[in-house]
Amino acid sequence: MPDDPYLTRSLGFLMGDVSRLLRKRFDMRARELGLTRAQWRVLARLRRREGINQRDLAEILEIENITLTRHIDRLEEKGLVERRRDPADRRAWNLYLNARVQPILDRMREFSEMTRAEALGSISETDSERLIDQLLQIKGNMLELERSESEADAQDVKLAAEGTHGR
């Protein structure tokens with residue numbers, strides 16, 4: 244039975260499949276570092292947003308704060324991450340990488356570059372760059388839609404609130 248073109252050429256399914264295969268390949272390499280996928284995701288995001296509070300990082304990672312707390316506990320036990328009290332909010336913790344994590348981040352970057360090279364191996368450099376540019380365009384399109392819809396929702400809430408106060 245031939246593949247259903249709707250599924251094999253569907254942008255969403257295809258991007259999901261490619262993403263899963265890339266993560267699986269990266270995971271295979273990252274095991275040597277003694278990190279779970281969730282832990283390396285935390286480190287990767289924290290590298291870009293050092294000093295972020297736990298709540299905001301959980302939101303970026305799209306996980307519950309309690310789940311992130313468990314990941315941070317384990318990374319703290321390994322000496323890779325530290326929590327510091329947020330000076331503006333005594334209840335909040337800001338997250339920082341310890342110097343000990345740098346060799347792991349360097350190795351993760353190597354794994355990422357190897358995985359990228361394997362994925363794009365049979366594609367010319369020009370086409371690879373074009374693909375990346377197009378994916379960035381798609382991401383931009385989707386972020387713009389998200390932003391517009393969020394603004395429209397906020398406007399609807401404002402109008403609804405004004406409508407109830409005007410009576």
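Take 244 as the starting number for the sequence shown in our numbering and just add one per residue. Backbone N, C-alpha and C fix where the C-beta goes; we use that ideal spot for every residue, glycine too.
Exercise. If you scan the stretch 299-386 from start to end, which runs of the beta strand (DSSP E) of 3 or more residues do you find wholly inside it?
Worked result: 324-329 and 332-340
Exercise. On the three-state DSSP scale, how would you describe MET244?
Worked result: In the sequence shown, residue 244 corresponds to position 1, counting from 1. Since pLDDT at MET244 reaches only 48, below the 50 mark, its modelled position is unreliable, and the value read off the structure follows with that caveat. MET244: coil per DSSP, three-state reduction.
For this session: Out of ALA403, VAL400, PRO248 and GLN297, point me to the one whose CA is closest to VAL324's CA.
Result: Within the sequence shown, the letter at position 81 stands for residue 324. Comparing Cα-Cα distances from VAL324 to each of ALA403, VAL400, PRO248 and GLN297, the minimum goes to GLN297.
For this session: Would you mind sorting GLY406 into buried or exposed? The rule is 16 or more other CB atoms within 10 Å of its CB.
Result: Your numbering for residue 406 matches position 163 in the sequence shown. GLY406 should be labelled exposed.
Exercise. If you compare alpha carbons, which of ASP247, LEU254 and ARG326 is closest to ILE381?
Worked result: The count along the sequence shown starts at 1 and reaches residue 381 at position 138. Nearest of ASP247, LEU254 and ARG326 to ILE381, Cα basis: LEU254.
Exercise. Could you give the distance in angstroms between the alpha-carbon of MET244 and the alpha-carbon of ARG252?
Worked result: Position 1 of the sequence shown holds residue 244. Position 9 of the sequence shown holds residue 252. Any reading at MET244 must be qualified, since the residue scores a pLDDT of 48, below 50, and its modelled position is unreliable; no value is offered.
Problem set entry | Whole-number beta carbon distance between LEU340 and LEU289, since they are thought to touch under 8 Å | Working through the sequence shown from its first residue, we reach residue 289 at position 46. Working through the sequence shown from its first residue, we reach residue 340 at position 97. Right, their Cβ atoms sit about 6 Å apart.
Problem set entry | Outcome for ILE347 when other beta-carbon atoms lying within 10 angstroms are tallied against a minimum of 16 | For the purposes of this step, residue 347 is taken as residue 104 along the sequence shown, with counting starting at 1. Looking at its Cβ environment, which holds 16 or more other Cβ atoms inside 10 Å, ILE347 is buried.
Exercise. How would you call VAL400, buried or exposed, if buried means at least 16 neighbouring beta carbons within 10 angstroms?
Worked result: Residue 400 sits at position 157 when you count from the first residue of the sequence shown. With fewer than 16 Cβ atoms within 10 Å of its Cβ, VAL400 is classed as exposed.
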